[in-house]
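According to full-length UniProt numbering, the sequence shown is numbered sequentially starting from 1. Quick reminder that beta carbons are idealized off the backbone N, C-alpha and C, glycines included. Below: the structure, in structure tokens.
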Amino acid sequence: MIEILDDISYEPGQFYTDLQNLADKRSVPFDGAMVRKSLDVFAKEIDRSVVQTKTTTKPGDGLYYRFFYKWENDLADIARRNDLLRQGTEPIDRLQREVLDTFGNATQAGLDFEAGRGLAKVWTFTGVRPIEDLFALSAIPESVPAHAEFFARHGLRRAFFVASDFHGETMNLYPVIEPECRNAEWLRKLVDETSGSLADTPDYGKMMGSLARTGCLGMTFSWRSPELHRWALYSLNAPTGEGSELLPALPGTLAEFDDQAPTLNADPQRNVAWSFGKAGFYTKLEKSYAKDANYFLTTEMGCDLSR
């Protein structure tokens, strides 16, 4: 696979301006001092990384910017030393380091910031491994191993990422969607068990039909409660151009974001996620800003983004 290079290179000052303008267009909070500090602190890391912007249809959600990184620097440690992340010894603070120390092929995966609130998530790539491998981690919420039968019942055998969400005080587990699960009936059963009644029935067939060969879920668990809070189905490298008929229509606010969000890519990558839970349904859209996201996810993270 050949990496597609941007005609214009990432430049932090321009990215700051682009984020500020996008936040103004979206009428969402923008903490200029925090954003500038984050871009300065992680200047070297971001310069070599895929950069994205993201928004959702969840009421009150803002503008997110994130970068994917799998190399030598400890991102959480850098953030803590520069007061971008709290100092703490709670499980949420220890989880990412424990994953890196426990699994030989685990790597850093990146950071996610909300433009109005600061650092939201720290991601770690666990390597594709049985979900049960994560149960023994001392920092994992008890609710994760407590869902062992749930995972088995829905054919969720493997996972490949975890995240600590410092805004939600939760963690995310990212299971792989196995080949035998890639059908609308499987998705319908999962939704029925976890989401209660939905005002509008999603097009399960189109959702599943839009998935790349590497499909995944993002599941939210807490250290403070036993339930699965919510989960999202991710269409990576979503077919928004040619082949867009495979994808359910984006909600108007996300289609507007797609038009407004700047990018240095000639052909930006987009990821769409549909989030389910008893608190309601919403949709997420991620759009690449700099570097070749498909190349990174394929060559560095082992994803198959073909269809």
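Presumed contact (8 Å Cβ cut-off) between residue i and residue j, rounded CB distance
i	j	result
F166	A120	6 Å
F67	E45	7 Å
D6	K291	7 Å
T57	T283	5 Å
Beta-carbon proximity of residue i to residue j, cut-off 9 Å
i	j	result
L137	V191	no
T55	F296	no
S210	L246	yes
T194	W231	yes
residue 321	R158	No information on residue 321 is available, as it lies outside the stretch 1 to 307 that the chain covers here.
E180	G155	yes
G110	S49	yes
L264	Y289	yes
A293	T53	no
Q108	F125	yes
E300	K70	yes
residue 341	T170	For the chain, the structure presents residues 1 to 307; residue 341 sits outside this window and is missing.
D112	A163	yes
M207	P248	yes
Residue i versus residue j: straight-line alpha-carbon distance, rounded
i	j	result
S225	S143	7 Å
G215	L233	8 Å
C303	I2	15 Å
F160	D83	29 Å
G243	R81	45 Å
Q96	T17	31 Å
Y64	K25	14 Å
L173	F221	8 Å
D40	G280	37 Å
A106	R213	22 Å
K278	F30	30 Å
G88	I140	16 Å
N21	F276	30 Å
L198	I177	23 Å
G13	F151	45 Å
G168	R182	29 Å
G118	G104	30 Å
E72	G32	28 Å
L19	H229	30 Å
Own chain residues within Cβ distance below 7 Å of residue i, not counting five before or after
i	result
G205	A184
P130	R157 and R158
P59	none
T102	L137
D47	Y10
Own chain partners of residue i with C-beta closer than 8 Å, once the 5 adjacent residues on each side are dropped
i	result
G241	D267
S306	A212 and R213
K189	H154
A23	P29, F30, G62, L63, A115 and G116
L217	L156, Y174, P175, I177, W231, A232, L233 and Y234
Neighbourhood of residue i by C-beta, 6 Å cutoff - its chain only, sequence neighbours within 5 removed
i	result
E286	Q52, K54 and N271
I8	L264
L187	Y204 and M208
V28	G62 and L63
### Query
Is it a yes or a no for the segment 231-244 touching the segment 260-279, going by three-plus beta-carbon pairs under 8 Å?
Flag = yes, the segment 231-244 and the segment 260-279 touch.
### Query
Taking three-plus beta-carbon pairs below 8 Å as touching, is the segment 85-98 in contact with the segment 26-46?
Short answer: they don't touch.
### Query
With contact counted as at least three CB pairs below 8 Å, one residue from each stretch, are the segment 64-77 and the segment 144-154 in contact?
With a cut-off of 8 Å, the segment 144-154 and the segment 64-77 do not count as touching, because too few Cβ pairs lie within range.
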